[in-house]
Amino acid sequence: MHMIESGNVAAATGVKLARANVIAAYPITPQTPLTEKLSEFVAAGELAAEYIPVESEHSAMAVCIAASSAGARAFTATSANGLLYMNEQLHWAAGARLPIVMCVANRGIGAPWTVWNDHQDTISQRDGGWIQIYANDHQQIIDSVIKAFYLAQTVSIPVMVCYDGYILSHTYMPFEKPDQDQVDAFLPPFTPENMLDPDRPYNFNTVTLPDVRPDIHGQTAPGYMEIRHCLHQDMRGSIQVLEEIDKKFQAAFGRGGHPFVEPYKCEDADHVVVCMGSLSYHFRDVIDLLSQEGLKIGVMGVQLYRPFPEKAIVEALYQKKSIMVFEKALSYGNQGALYADIKSALYPCENRPEMKNFILGLGGREIKTSILVETVRNAVKHTAASDDHPMWVGLKCQE
Amino acid sequence: MKQKEFNFKDYIRNRYFPHIWCPGCGHGIVLGALLRAVHELGLEKNEIVVTSGIGCSSRISGYVDFHTLHTIHGRALAFATGVKLSKPSLKAIVPMGDGDALAIGGNHFIHAARRNIDITAIVMNNRIYGMTGGQFSPLSGSGKKATTAPYLTIDRAFDIVDLAKSAGATFVARSTVFHATESKDIIKKAITHKGFSVVEILTQCPTYYGRKNKEGDAIQMMEGFNTHTAKIGSKKLENNPNLIQRGIFVEDKTVPEYCEAYDQIIATAMKESL
């Protein structure tokens, strides 16, 4: 069915189609309309789920952890400081290998307060053991949410579906809503091997010692390091799993085919802009304008950020003259996180491309196509790296 | 010396206006009562520090021309505690909403009360999360409508006065925005009281709570605050004990204030180490 709705409603519709069993959330701008929509679905009996309005984000994730441990398909959503307040529980959910799905409507972090969009919230959570997928438009939001439940339960790792606050969460866009029957056929039921069950008592996530020790049957059980190694291995393995799920999704719904990165005019390009989220679609206008000037240039949106799909990145970028990474987040005192990751992925290649890093749009600072055109045009001309690195786009006055 | 006449503009930061509150919101009356209280107490602007969390009410910290900290959701009392302990001479005032104070910040609320630290918490209770669009709060009560409860809430509400009392606050009072002068007088007493003061002020959110629950416009909601409340010890309350009580419920000057008790511990420790 064709729908014209907001990004938040696209996300909520995906959650409904995936038949989430437990939803726990706390209001925060710009995520709120998503959970409001879900509460409406639940209250109206359109979604057979428990909706738990908790008193904080920390509790929201705690509820999801408990629900998921009990074998429920659990969902929550948040933004910015709400995500940070969950921090302890985020690590717990990943360590406990619970396939929770969470949407994050990306927003800048205080202090000072901002309610507008950038990516600092989710980028700051990249090392916690969650899979991170960045959607570029409403269609990708709803599709990613459905795929996220599949991926999460297949690899027993929680998944964050990130989309730009306001730019995607609050704007209206047409998208295709899959039929419930099709989603039911696509998404297998969630039947965890180990779950809280009064008839089969388990002890979850008990204290581990630095070394391995025998369990009650005398078998050597994995220690903390083995458990963590397993999480890492499974994170790496989830790249392959996502590719397979994406193929199945494409066969069922006719959309997909680029689960890791989404290139635009990159094939013959000398120069490639790399970014995440809605910006990668915004950049297509910039690429079109610069192509008309005779520049061989493309843009590539990174959709899977954790685990980092090096192979796909290297394949797309290794023969290019220059790479320009535009980011709405920064590892303060160093450089953009995506930039650092791409640089490290390209390190083993011969003839590495020139690389430049640009920071923009923090706290919702407007990103104008004209500024992007000018920035890219200059960057391509001047190959020498600037002293001011990363370069900040759109700074209006120096303090 | 005769006190200068009260002028709003002496106490606000003009550049932050117009404010973000909806037409008919009661929060401006609370702001007015607070500023008049500060004026009548003759406090210098530099003597006051206002910390706030998140929500419509918390925007007050931007509007008032005192020392101000706009902090994170639910943590205003924790920040205020830090400020007060490092500079006990400052008057610490914390405007907060019902969600900020009693949902995400509920833990800080009870512990500030337990410690009896000299902070004045003004809980602007409109029974809803207004800023994020009308989700129900721990003060909405059961049988109410909200954007997260389209078919009525089932959660019961806290009684802020009872909660503050049992958590150990040494000044506990309640008023409403209909009773602006009473609110001002209570805030004056709360600021002057040495210890943790809780002032609950019932205020209307006509945009969300009022509309969702068919309580009418701002004027009707305010009239409701008059009809449904009665002053402690009043004939009205005697005749109808089910009305919501207004007035000062606790004013206990016997409990040691936290910063002073702390100073005493330091003095004792210093003596022992000599």
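If you read the sequences in order, they're chains A and B.
Counting in the working numbering, the first sequence runs from 101 upward without gaps.
Counting in the working numbering, the second sequence runs from 142 upward without gaps.
In this text, a Cβ means the ideal position worked out from N, Cα and C, and glycines have one as well.
Rounded straight-line distance, which links the Cα of residue j to that of residue i
{"i": "G182 of chain A", "j": "T409 of chain B", "result": "42 Å"}
{"i": "R226 of chain A", "j": "L184 of chain A", "result": "12 Å"}
{"i": "Q386 of chain B", "j": "E401 of chain B", "result": "32 Å"}
{"i": "L384 of chain B", "j": "K145 of chain B", "result": "39 Å"}
{"i": "F141 of chain A", "j": "P490 of chain A", "result": "45 Å"}
{"i": "V264 of chain B", "j": "P236 of chain B", "result": "6 Å"}
{"i": "F387 of chain A", "j": "N457 of chain A", "result": "Before going on, a small fix: residue 387 of chain A reads as Ile here, not Phe. Their Cα atoms are separated by approximately 17 Å."}
{"i": "L438 of chain A", "j": "I423 of chain A", "result": "12 Å"}
{"i": "N108 of chain A", "j": "K116 of chain A", "result": "12 Å"}
{"i": "Y272 of chain A", "j": "G145 of chain A", "result": "25 Å"}
{"i": "F249 of chain A", "j": "A118 of chain A", "result": "7 Å"}
{"i": "Q189 of chain A", "j": "G246 of chain B", "result": "18 Å"}
{"i": "M411 of chain B", "j": "E185 of chain B", "result": "33 Å"}
{"i": "A242 of chain B", "j": "T475 of chain A", "result": "46 Å"}
{"i": "M101 of chain A", "j": "Y350 of chain B", "result": "35 Å"}
{"i": "L251 of chain A", "j": "I241 of chain A", "result": "15 Å"}
{"i": "S230 of chain B", "j": "H252 of chain B", "result": "21 Å"}
{"i": "F250 of chain B", "j": "L331 of chain A", "result": "39 Å"}
{"i": "T288 of chain B", "j": "R300 of chain A", "result": "39 Å"}
{"i": "I360 of chain B", "j": "V339 of chain B", "result": "26 Å"}
{"i": "D315 of chain A", "j": "A149 of chain A", "result": "37 Å"}
{"i": "H358 of chain A", "j": "D346 of chain A", "result": "8 Å"}
{"i": "I258 of chain B", "j": "I152 of chain A", "result": "34 Å"}
{"i": "P212 of chain A", "j": "K232 of chain B", "result": "24 Å"}
{"i": "C497 of chain A", "j": "H160 of chain B", "result": "26 Å"}
{"i": "L293 of chain B", "j": "G377 of chain A", "result": "37 Å"}
Closer than 8 Å at the beta carbon, the chain A residues around residue i
{"i": "G215 of chain B", "result": "S156"}
{"i": "Q361 of chain B", "result": "Within chain A, no residue comes near Q361 of chain B; the closest Cβ sits about 26 Å away, beyond 8 Å."}
{"i": "F277 of chain B", "result": "P153"}
As assigned by DSSP and simplified to three states, the class of residue i
{"i": "P133 of chain A", "result": "helix"}
{"i": "S139 of chain A", "result": "helix"}
{"i": "E367 of chain A", "result": "coil"}
{"i": "N457 of chain A", "result": "strand"}
{"i": "E150 of chain A", "result": "strand"}
{"i": "G173 of chain B", "result": "helix"}
{"i": "Y185 of chain A", "result": "helix"}
{"i": "A244 of chain B", "result": "coil"}
{"i": "A287 of chain B", "result": "strand"}
{"i": "S422 of chain A", "result": "strand"}
{"i": "I267 of chain A", "result": "coil"}
Neighbouring residues, chain A, relative to residue i (Cβ below 9 Å)
{"i": "P159 of chain B", "result": "Within chain A, no residue comes near P159 of chain B; the closest Cβ sits about 18 Å away, beyond 9 Å."}
{"i": "A244 of chain B", "result": "Y126, V154, E155, S156"}
Listed by chain order, chain B residues near residue i by CB distance under 8 Å
{"i": "A143 of chain A", "result": "A290, P291, Y292"}
{"i": "S224 of chain A", "result": "Those do not exist, as S224 of chain A stays about 15 Å from chain B at its closest Cβ, beyond 8 Å."}
{"i": "S269 of chain A", "result": "Correct list: empty, because the minimum Cβ distance to chain B is about 13 Å."}
{"i": "E188 of chain A", "result": "Chain B residues near E188 of chain A: none, gap ~15 Å exceeds 8 Å."}
Bounding residues of the alpha helix (DSSP H) (the contiguous stretch that carries residue i)
{"i": "Y439 of chain A", "result": "437-446"}
{"i": "A479 of chain A", "result": "469-481"}
{"i": "H208 of chain B", "result": "No alpha helix (DSSP H) contains H208 of chain B, which is instead part of the beta strand (DSSP E) from 208-211."}
{"i": "M295 of chain A", "result": "That residue, M295 of chain A, is in no alpha helix (DSSP H); it is neither H nor E in DSSP."}
{"i": "G203 of chain B", "result": "201-204"}
{"i": "T333 of chain B", "result": "321-333"}
Residue span of the beta strand (DSSP E) that contains residue i, given as start and end
{"i": "A120 of chain A", "result": "Neither: A120 of chain A is in no beta strand (DSSP E) and is coded neither H nor E."}
{"i": "M260 of chain A", "result": "259-264"}
{"i": "H102 of chain A", "result": "102-106"}
{"i": "T192 of chain B", "result": "189-193"}
{"i": "C203 of chain A", "result": "201-206"}
{"i": "I234 of chain B", "result": "232-238"}
Amino acids of chain A, ordered along the chain, whose beta-carbon sits closer than 7 Å to that of residue i
{"i": "T273 of chain B", "result": "P127, I128, T129, T132"}
{"i": "G247 of chain B", "result": "E155"}
{"i": "Y270 of chain B", "result": "P127"}
Residue i - partner residues in DSSP beta bridges
{"i": "L404 of chain A", "result": "A:I233"}
{"i": "R387 of chain B", "result": "B:K372"}
{"i": "W492 of chain A", "result": "A:I459"}
{"i": "I342 of chain B", "result": "B:M265, B:S316"}
{"i": "P274 of chain A", "result": "A:I104"}
{"i": "E362 of chain A", "result": "A:G401"}
{"i": "C375 of chain A", "result": "A:G401"}
{"i": "Q276 of chain B", "result": "B:Y270"}
{"i": "E427 of chain A", "result": "A:I459"}
{"i": "T176 of chain A", "result": "A:M202"}
{"i": "P212 of chain A", "result": "DSSP, once it has assigned bridges, lists no residue as partnering P212 of chain A."}
Residues that residue i contacts on chain B, provided the C-beta gap is smaller than 7 Å
{"i": "N181 of chain A", "result": "I213, H214"}
{"i": "W213 of chain A", "result": "H211"}
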